[in-house]
Amino acid sequence: MHEEIIMAGFGGQGIMSIGQLLAYSGMIKGLDVSWMPSYGPEMRGGTANCTVIVSDSRIASPLTSKPDSVIVMNLPSQDKFSPKVKEGGLVVTNSSLIDKEVEREDLEVIKVPANEIANELGNTRVANMIMLGAYLARKEIIDLDTVKESLTSVLPERHHDLIPLNEKALDRGFELVNEEVTV
Amino acid sequence: MAERVLMKGNEAIGEAAIRAGCRYFFGYPITPQNDIPAYMSRELPKHDGVFLQAESEVAASNMVYGAAGSGARVLTSSSSPGISLKAEGLSYIAGAELPCVVVNIMRCGPGLGGIQPSQGDYFQATKGMAHGDFHLIVYAPSTVQELVDLTYKAFDTADRYRNPVMVLGDGMLGQMMEPVEFMEPLDPADLPKKEWATDGAKGRDTNVINSLALAPEELEAMNKKLENKYKKVKANEVMHEEYRMEDAEIAVVAYGTSARISIKAIDMARERGIKVGLIRPITLYPFPEKEVAATCDQIKKYLTVEMSTGQMIEDVRLAVNGRRPVEFFGRLGVVFEAEEVLERLIAMGGEIQ
Amino acid sequence: MKKIASYPDSLTEKHFHYCPGCTHGTVHRLIAEIMDELDIREETIGVAPVGCAVLAYEYFDCDMHEASHGRAPAVATGIKRVHPDKVVFTYQGDGDLASIGTAEIVHAANRGENITTVFINNAIYGMTGGQMAPTTLEGQKTTTSPYGRNLKEAGNPIKMTEMLSALDGPSYIARVSVHTPKHIRKAKKALKKAFQRQLDGRGFTLIEVLSTCPTNWGITPKDALNWLEEYMMPVYPLGDLKDIEEVE
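Chains as they are written, first to last, in the numbering used here: chain A, 1 to 183; chain B, 1001 to 1353; chain C, 2001 to 2248.
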């Protein structure tokens, strides 16, 4: 197993956090992982992205030019990264903020109304977890329970009261995809 | 096996330094190494250590000079433009034969340049740090784990040779997260006492920390002593790693982040039947000169891969000494992709056939 | 017979290299006497500058540390932070402290770094051969102000001691002179007070000492003493500039 993912969105959408959460979960499952952020002024209010690689063998480059999957939370990110996805790869896109179609026939696209669901849950800030939940439902590289367990280690302590909400958000994203598959 | 933790390269450096018994950090903010001073300012007070944000890089390196002369294990860190300012202190520290560790998380220059990862400070680190005939011992880690291991080792090496040691990373290595295992922490109280340190001449002759030798013969003797030390360093401290070199006809020579991207390219080239391997210098000074030279009978062509316009290539060429062609691939500002290196390897493979 | 003076224990036997009539030797001796009197020779680390006193480590019989030009306060900071229980002093000239080392002295003072700085102001660069210093007086001729210091071109004589007194970090700052026995006695009193302040943990102390440089001033030692009083003292008035009992 070797999965290369780029996650991208506005600064403040929690892109870096879900990247770290996935990397951390992979690590406690005994896998090799890397998390590589874009850094610099673009993080402050602009677009942010990170590359996460999860692998059962040694990771050479922490960068990828052809990711297996991308999780995109805003339009600039979808425009920038969906053309790079490996042939037949996966795009998880935030349909709450992006109404433009992905312009490639070969890709699998999962549309997640992440902001709407997050608002239903009472906090827009967990939209990132809904996106990650949806991704995990499709790509079972790490089980959902492990990801939930990792929340305590990855989230800063001042946000620990939000762990139940984050778990719920992961579940909602996960269920959304499973339901679609069932339907 | 120790517990694996997921950690940013920069923070891992800080933790490794503390575990190596370092209790003093003097630095100045600059991107992309800011997590190191932030980590030290948070963690050192918990270990009765001192974090001090200096008024400048120049001051920081001279504070390191004082702390090192007083016998402490001491760290400073910066990124490229800041290292230029630290150069003054480093020359004095080397001249006075003091141990310290300095981290350079390289960004792209010259001038203010930018904050993207780079390997443009190779010449500075290995050859032209500052005035006078001296060298830093330079480690070039390529993973976060190696950042930890080599930072820890750097303090020992610095003490053993009484010489500044540099850990040379880049913005990518400093900013990325990978799982790491840490060694057991060392108690600085258990370290051997440095008899030469200026810590008050209680019941002994006075100690002087100094790099001044006005008499010509004295000056030559001081430099001879350093020269002999660097000979020992060259004989004993070279570190390198080889990857898929057994039957290789082309050798990539790359260090740090470039080596990692090159490994990906090498694996892809191998799938296409190109016999290519990697020589990865882990110490840049001393450079694995003999180790590269020893491959000349087997290797038909070398490709040096760097995030620069070609700096380490000069050392590779010196080692190869005209026996084989040495080519170069590099970009700066933009980090190159494995596919770009692959393209070059395919071309070289074709030329060999 | 009662012995009233002797060679200080805190000075080595080495002969000073200073020029005839230079007052560096006087200040060295005062510091050594104070180390003896406070019984701190074995507890003291001195930081030598770049300038005429670059060889100070050969004269003070305590642990000594070199600094690059102007950086003595940074080096002293490094030492003091590792050994907060030791006495640390810097010995710096006007080029070192008032020109190339302005950032280091300002910030060490501002941090209230618990060190003592002895600042020798002789209004000229000595070691390099008589160039204009930041403290060179208006109209004073040097090798780099051959027509006399022109304030419009070269700026004004810098008053470091007054500037540093405006900071909150320092505990005691004074300007003294060593051109007469009476002034030498006063200078010693101020220096001793500064070292005592450090021993009491009260933060940064600095004593500026007006000094002579007959060689580079191009006059006799005796005339140099008069020149200091006549021309330097009006620009650099003596006295305590800052003296607070406790530093927060």
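Using N, Cα and C, we set each Cβ at its ideal position, and we do this for glycine too.
Any Cβ of chain B closer than 7 Å to the Cβ of H2028 of chain C would place that residue at the interface, and such an atom is absent. The beta carbons of G1277 of chain B and R1317 of chain B sit no closer together than 7 Å. DSSP places W35 of chain A inside the beta strand (DSSP E), whose first and last residues are 32 to 37. Per DSSP, H2 of chain A is one residue of the beta strand (DSSP E) stretching across 2 to 10. Proximity of R1019 of chain B to chain A, defined by a Cβ-Cβ separation below 7 Å, is not satisfied. Apart from the 5 residues on each side of it in sequence, S1308 of chain B sits with its Cβ closer than 8 Å to the Cβ of S1118, Q1119, G1120, Y1122, G1330, L1332 in its chain, given in chain order.
Burial is judged here by how many other beta carbons sit within 10 angstroms of a residue's own beta carbon; A2053 of chain C has at least 16 and is buried. Closer than 7 Å to the CB of Q1175 of chain B there is at least one CB belonging to chain A. L170 of chain A places its beta carbon 7 Å or farther from that of M131 of chain A.
Within chain A, A60, S61, L63 have C-beta atoms less than 8 Å from the C-beta of I1261 of chain B, given in sequence order. For the pair S1142 of chain B and G1256 of chain B, the CB atoms are nearer than the 7 Å cut-off. Bridge partners of M1007 of chain B according to DSSP: B:E1178. Contact between S2099 of chain C and P2049 of chain C is ruled out by a C-beta separation of about 12 Å, above the 8 Å threshold.
P1117 of chain B has B:R1107 as its beta-bridge partners, per DSSP. When DSSP assignments are scanned along the region 1143 to 1189 of chain B, the uninterrupted stretches of alpha helix (DSSP H) that are 4 or more residues long and fall wholly within it turn out to be 1144 to 1161, 1171 to 1175. Distance from the Cα of V1253 of chain B is smallest, within the candidate group B:K1224, B:D1190, B:A1213, B:F1328, for B:F1328.
Sequence-distant Cβ neighbours of G2201 of chain C in its own chain, meaning closer than 8 Å and more than five residues away, are N2114. In the assembly as shown, I110 of chain A is a buried residue. Its beta-carbon has 16 or more other beta-carbons within 10 Å.
Counting only unbroken stretches of 3 or more residues, the beta strand (DSSP E) elements lying wholly within the region 80 to 106 of chain A are 90 to 94, in sequence order.
Using a Cβ-Cβ distance cut-off of 8 Å, the region 1215 to 1233 of chain B and the region 2071 to 2081 of chain C are not in contact, since fewer than three pairs of beta carbons, one from each stretch, lie closer than that value.
For V2178 of chain C, the CB contacts under 7 Å within the same chain, skipping 5 residues up- and downstream, are T2023, T2026, V2027, I2184, A2187, V2209, S2211 in chain order. Contact of M27 of chain A with chain B is assigned, a C-beta pair being separated by under 7 Å.
Taking a C-beta cut-off of 9 Å against chain A, the contacting residues of the region 1266 to 1296 of chain B are I1266, D1267, listed in chain order. DSSP, reduced to helix, strand and coil, places C2213 of chain C outside both helices and strands of the structure shown, so it counts as coil. The DSSP-derived three-state label of E2153 of chain C is helix. When rounded, the separation of the alpha-carbon atoms in E1241 of chain B and Y1039 of chain B is 30 Å.
At a cut-off of 3 residues, the continuous stretches assigned as beta strand (DSSP E) that sit fully inside the region 103 to 127 of chain A are 108 to 112. Within chain C, the residues placing a beta-carbon under 9 Å from that of L1052 of chain B are T2077, G2078, R2081, R2111, ordered along the chain. With 16 or more neighbouring CB atoms inside 10 Å of its own CB, S2145 of chain C falls in the buried class. Contacts between L1212 of chain B and chain C, judged by CB atoms closer than 7 Å, involve V2054, E2066 in chain order. An exposed status is given to T2220 of chain C, since fewer than 16 other beta-carbon atoms sit within 10 Å of its beta-carbon. P1164 of chain B sits buried, since 16 or more C-beta atoms from the chains shown fall within 10 Å of its C-beta.
When C-beta distances to chain B are compared with 7 Å, the residues of the region 3 to 31 of chain A below that value are Q20, A23, Y24, M27, in chain order.
DSSP lists no beta-bridge partner residue for Y1028 of chain B. In this chain, the alpha helix (DSSP H) harbouring T1126 of chain B covers 1122 to 1126.
Chain B has no Cβ within less than 7 Å of the Cβ of A2098 of chain C.
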